[in-house]
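Colleague: Questions regarding the structure given below will be posed in turn.
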Amino acid sequence: MVLSGCSQLPDSLQTSTETPVTDLTQVIEDPQGVQGKEVRLGGVIASVVNEASRTRLEIASLPIDESGKPELKASPQGRFIAYVDGFADPIEYAQGKLVTVAGQLRGSEVGKIGDFDYTYPVVFAKGQQIWQIKEQIRVDDVSAYYRCLGIRCQYIHYGLRPDNLDVQYRVTP
Numbered sequence: 001m002v003l004s005g006c007s008q009l010p011d012s013l014q015t016s017t018e019t020p021v022t023d024l025t026q027v028i029e030d031p032q033g034v035q036g037k038e039v040r041l042g043g044v045i046a047s048v049v050n051e052a053s054r055t056r057l058e059i060a061s062l063p064i065d066e067s068g069k070p071e072l073k074a075s076p077q078g079r080f081i082a083y084v085d086g087f088a089d090p091i092e093y094a095q096g097k098l099v100t101v102a103g104q105l106r107g108s109e110v111g112k113i114g115d116f117d118y119t120y121p122v123v124f125a126k127g128q129q130i131w132q133i134k135e136q137i138r139v140d141d142v143s144a145y146y147r148c149l150g151i152r153c154q155y156i157h158y159g160l161r162p163d164n165l166d167v168q169y170r171v172t173p
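UniProt numbering numbers the first residue of the sequence shown as 1 and each following residue consecutively.
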């Protein structure tokens, strides 16, 4: 029961459709076929611009899991624009942070990534979730051995072995 609570979709990412579009490659390959549909997309914030009544987020898309969390080890699928109503603080929505948005796909915008012309799918977000990355370090062993001279042995302990560390990253709300 505890595990199912951890992988639950946050309320802010709920949609009226049971199966919203969650794959940006599907949007890029068939832009007309998905127009007006509900989407749930996530990734890394590339830029944030506050306009008069809304905020424009440029997001480098990553695949998301069933709980809406972007998958850290995945390759980016492309980019999209998400418009969020009102002011989004640039500290909270800073470049490099993970975000997932839920809303409706409406058209596209032409822009540039460096000198490259790029067509961004546009999402009008009804909900969004900023994610935190938590680092966990697990140490399996310590460096220790016995030194022996003849029949006399001495236990020597040097402390933690840096080659036996396991570092894992978790995405949390």
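Cβ atoms here follow ideal geometry from the backbone N, Cα and C, with glycine treated the same way.
Measuring only the C-alpha atoms, how far is residue 28 from residue 106?
Modeller: Counting from 1 along the sequence shown, the entry for residue 28 is found at position 28. Counting from 1 along the sequence shown, the entry for residue 106 is found at position 106. Answer to the nearest angstrom: the Cα atoms are 13 angstroms apart.
Colleague: Helix, strand or coil: how does DSSP classify residue 11 here?
Modeller: Position 11 of the sequence shown, counting from 1, holds the residue named residue 11. DSSP places residue 11 in helix when its eight states are reduced to three.
Colleague: With DSSP as the reference, identify every bridge partner of residue 124, one or two as the case may be.
Modeller: The sequence position of residue 124 within the sequence shown is 124, counting from 1. Note: residue 124 sits in a beta bridge opposite 83, 104.
Colleague: Does the Cβ of residue 102 have 16 or more other Cβ atoms within 10 Å, making it buried, or fewer, making it exposed?
Modeller: Counted from its first residue, the sequence shown places residue 102 at position 102. Flag for residue 102 reads buried.
Colleague: On the DSSP bridge assignment, give the partners of residue 60 in chain order.
Modeller: Position 60 of the sequence shown, counted from the start, is the residue given in the question as residue 60. The partner list for residue 60 (beta bridge, DSSP) reads 44, 79.
Colleague: Spell out the partners DSSP gives residue 134 in its beta bridges.
Modeller: Counted from its first residue, the sequence shown places residue 134 at position 134. Looking at the DSSP assignment, residue 134 forms a beta bridge with 170.
Colleague: Spatial neighbours of residue 136 within its chain, please: C-beta separation below 8 angstroms, excluding the five flanking residues on both sides.
Modeller: Indexing the sequence shown from 1 puts residue 136 at position 136. Cβ within range, chain order: 167, 168, 169, 170.
Colleague: Which residue wins for smallest C-alpha separation from residue 40, given the options 31, 124, 172?
Modeller: Stepping through the sequence shown from its first residue, residue 40 is reached at position 40. Nearest option by C-alpha distance: 124.
Colleague: Given 8 angstroms as the limit, is there contact between the region 42-58 and the region 74-81, that is, 3 or more CB pairs closer than that?
Modeller: At 8 angstroms Cβ cutoff, the stretches touch.
Colleague: Are the Cβ atoms of residue 95 and residue 47 separated by less than 8 angstroms?
Modeller: As a working mapping, residue 95 is identified with position 95 in the sequence shown. As a working mapping, residue 47 is identified with position 47 in the sequence shown. For residue 95 and residue 47, yes; Cβs fall inside 8 angstroms.
Colleague: What do you reckon, are the CB atoms on residue 122 and residue 81 nearer than 8 angstroms?
Modeller: Looking up residue 122 in the sequence shown gives position 122. Looking up residue 81 in the sequence shown gives position 81. Their beta carbons are under 8 angstroms apart, which means residue 122 touches residue 81 by this criterion.
Colleague: Going by CA-CA distance only, name the one from 134, 126, 138 that's closest to residue 10.
Modeller: By one-based count along the sequence shown, residue 10 stands at place 10. Ranking the options by Cα distance to residue 10, first place goes to 126.
Colleague: Starting from residue 25 and walking both ways along the alpha helix (DSSP H), at which residues does that stretch end?
Modeller: Locating residue 25 in the sequence shown gives position 25, counting from the first residue. Per DSSP, residue 25 belongs to the alpha helix (DSSP H) from 24-29.
Colleague: Which value, in whole angstroms, describes the spacing of the CA atoms of residue 113 and residue 70?
Modeller: The count along the sequence shown starts at 1 and reaches residue 113 at position 113. The count along the sequence shown starts at 1 and reaches residue 70 at position 70. Those two C-alpha atoms are separated by around 22 angstroms.
Colleague: Considering only their Cβ atoms, is the gap separating residue 173 from residue 108 smaller than 8 angstroms?
Modeller: Residue 108 sits at position 108 when you count from the first residue of the sequence shown. Residue 173 sits at position 173 when you count from the first residue of the sequence shown. Not a contact, by the Cβ cut-off of 8 angstroms.
Colleague: On the DSSP bridge assignment, give the partners of residue 117 in chain order.
Modeller: By 1-based counting over the sequence shown, the position of residue 117 is 117. In DSSP, residue 117 forms a bridge with 112.
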